[in-house]
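Asks: For reference, each letter of the sequence shown is one residue, going 372 to 631 in my numbering.
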Amino acid sequence: MKTEDAARLAGLLHAARQEARLVDLLAELPADTLLPTTPDEAYQVQAEIVRLSGEAIRGWKVTALKEEDRAAYGGTRPVAGPLLSGWVFPSPAEVPLSRFVAPLLECEFAFLLGRDLPPRETPYTLEEIADAVAGMLPAFEIADGRVPPDAPGALRLADSMGNGAFIPGTPVTDWRALDRAGPVRLVIDGIEIEAGSGARILGDPLKAVQHLANAQPLCAPLRAGHIITTGTATTPVRLERAGRVEADFGAVGRVGLLTL
372 MKTEDAARLA GLLHAARQEA RLVDLLAELP ADTLLPTTPD EAYQVQAEIV RLSGEAIRGW
432 KVTALKEEDR AAYGGTRPVA GPLLSGWVFP SPAEVPLSRF VAPLLECEFA FLLGRDLPPR
492 ETPYTLEEIA DAVAGMLPAF EIADGRVPPD APGALRLADS MGNGAFIPGT PVTDWRALDR
552 AGPVRLVIDG IEIEAGSGAR ILGDPLKAVQ HLANAQPLCA PLRAGHIITT GTATTPVRLE
612 RAGRVEADFG AVGRVGLLTL
């Protein structure tokens with residue numbers, strides 16, 4: 372992908388996120404602009420979005436953990452989008468729905484890295500990943516996108532993999548003995564809406580961190596202090612009105628959000 376094409380698309384996606392709107396690629400990009408078709412090209416666009424934003428990368432959302440899902444993104448490995456600091460709101464958070472296009476709420480187990488996980492030829496083992504994790508935490512992701520849901524996977528990946536916002540809870544540092552596939556209860560305005568489990572994430576959400584570490588390079592390195600969020604443990608819920616949202620992750624803790 373040409374540098375100028377990546378820059379054009381990144382500028383459009385960055386502006387659309389600030390303005391909470393879908394992009395019109397045909398109307399807003401020159402006709403000769405090439406779009407990403409592979410993860411590497413999508414990461415080229417992501418890196419330019421990070422540069423334009425001036426924001427720090429606080430973490431990563433990972434997807435395509437199963438082999439059969441990876442072809443949709445034009446590659447053969449799991450993929451990820453950066454969580455930018457301007458869109459991370461520690462729990463309990465207040466977030467206006469006007470900042471999003473079509474927000475979906477997801478309850479996710481996440482992990483705080485205590486040290487860097489650089490790319491390497493030898494795959495990381497699950498025990499090495501566990502040794503690199505400084506804490507486990509409950510989290511909400513508000514998934515959102517500036518391209519249509521049926522857009523090609525590499526284009527959705529370029530658009531920060533559809534991240535709208537991230538709401539992390541408090542990390543548990545003594546996490547190894549916790550049930551990482553434990554139940555999750557989602558409550559909105561006092562009514563239980565969904566129940567789920569971390570078992571949906573490869574049977575153990577820590578494996579998502581392992582898969583991501585072994586799927587590098589991304590648009591930037593995995594660093595100590597980054598939070599890796601592993602995919603939804605509940606069926607995504609459309610956020611259509613203001614309300615109070617809470618999720619109980621059992622021993623992993625709780626996370627709360629007030630949508631405005």
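Don't be surprised by glycine CBs; every beta carbon is placed ideally from N, CA and C.
Which word fits Ile562, buried or exposed, when buried means at least 16 other C-beta atoms lie within 10 angstroms of its C-beta?
Replies: On the sequence shown, position 191 is the one that residue 562 refers to. The residue in question, Ile562, is exposed, as its Cβ has fewer than 16 Cβ neighbours within 10 Å.
Asks: Rounded to whole angstroms, how far is the Cβ of Ser568 from the Cβ of Pro554, which I believe are closer than 8 Å?
Replies: Taking the sequence shown and counting its residues from 1, the one referred to as residue 568 is at position 197. Taking the sequence shown and counting its residues from 1, the one referred to as residue 554 is at position 183. Going by Cβ atoms, the distance from Ser568 to Pro554 rounds to 6 Å, so yes, they are a contact pair.
Asks: Take Gly620 and list the residues in its own chain whose beta-carbon comes closer than 6 Å to its own, dropping the five residues that flank it on each side.
Replies: The count along the sequence shown starts at 1 and reaches residue 620 at position 249. Correcting the residue type first, residue 620 is Phe in the shown sequence and not Gly. Correct list, in chain order: Pro509, Val555.
Asks: Who are the near neighbours of Gly506 in its chain, counting only those whose CB is closer than 8 Å to its CB and skipping five residues on each side?
Replies: Reading the sequence shown from its first residue, position 135 is the one you call residue 506. Same-chain partners within the cutoff: Phe482, Leu483, Gly485, Pro542, Val543, Thr544, Trp546.
Asks: Identify every residue that forms a DSSP beta bridge with Cys478.
Replies: Taking the sequence shown and counting its residues from 1, the one referred to as residue 478 is at position 107. Answer is Phe511.
Asks: Is it buried or exposed for Leu476, if we count other Cβ within 10 angstroms and need 16 for buried?
Replies: Reading the sequence shown from its first residue, position 105 is the one you call residue 476. By the neighbour-count rule (16 or more Cβ atoms within 10 Å), Leu476 is buried.
Asks: Check the DSSP bridge columns for Thr600 and list the partner residues they point to.
Replies: Here residue 600 refers to the residue found at position 229 of the sequence shown. Lys432, Ala481, per the DSSP bridge assignment.
Asks: For Glu617, is the classification buried or exposed, using 16 other Cβ atoms within 10 angstroms of its Cβ as the cut-off for buried?
Replies: Translated into the one-based positions of the sequence shown, residue 617 becomes position 246. Glu617 is buried by the Cβ-count criterion.
Asks: Do you know how far the Cα of Ala451 is from the Cα of Ala570?
Replies: In the sequence shown, residue 570 corresponds to position 199, counting from 1. In the sequence shown, residue 451 corresponds to position 80, counting from 1. Spanning the two alpha carbons is a distance of roughly 20 Å.
Asks: Three or more beta-carbon pairs under 8 Å between the segment 604-616 and the segment 484-498, yes or no?
Replies: The segment 604-616, when compared against the segment 484-498, does not touch it at the 8 Å Cβ threshold.
Asks: Between the C-alpha atoms of Asp411 and Leu380, what's the straight-line distance to the nearest angstrom?
Replies: Numbered from its first residue, the sequence shown carries residue 411 at position 40. Numbered from its first residue, the sequence shown carries residue 380 at position 9. Computed Cα separation, rounded: 15 Å.
Asks: Assuming contact is defined by CB atoms lying nearer than 8 Å, are Gly535 and Ala548 in contact in what I supplied?
Replies: Start at 1 with the first residue of the sequence shown, and residue 535 comes out as number 164. Start at 1 with the first residue of the sequence shown, and residue 548 comes out as number 177. No, the Cβ-Cβ distance between Gly535 and Ala548 is not below 8 Å.
Asks: Between the C-alpha atoms of Arg527 and Leu406, what's the straight-line distance to the nearest angstrom?
Replies: Within the sequence shown, numbered from 1, the residue matching residue 527 stands at position 156. Within the sequence shown, numbered from 1, the residue matching residue 406 stands at position 35. Cα to Cα, the separation comes out at about 11 Å.
Asks: Tell me the rounded alpha-carbon separation between Pro523 and Ala443.
Replies: For the purposes of this step, residue 523 is taken as the residue at position 152 of the sequence shown. For the purposes of this step, residue 443 is taken as the residue at position 72 of the sequence shown. Computed Cα separation, rounded: 7 Å.
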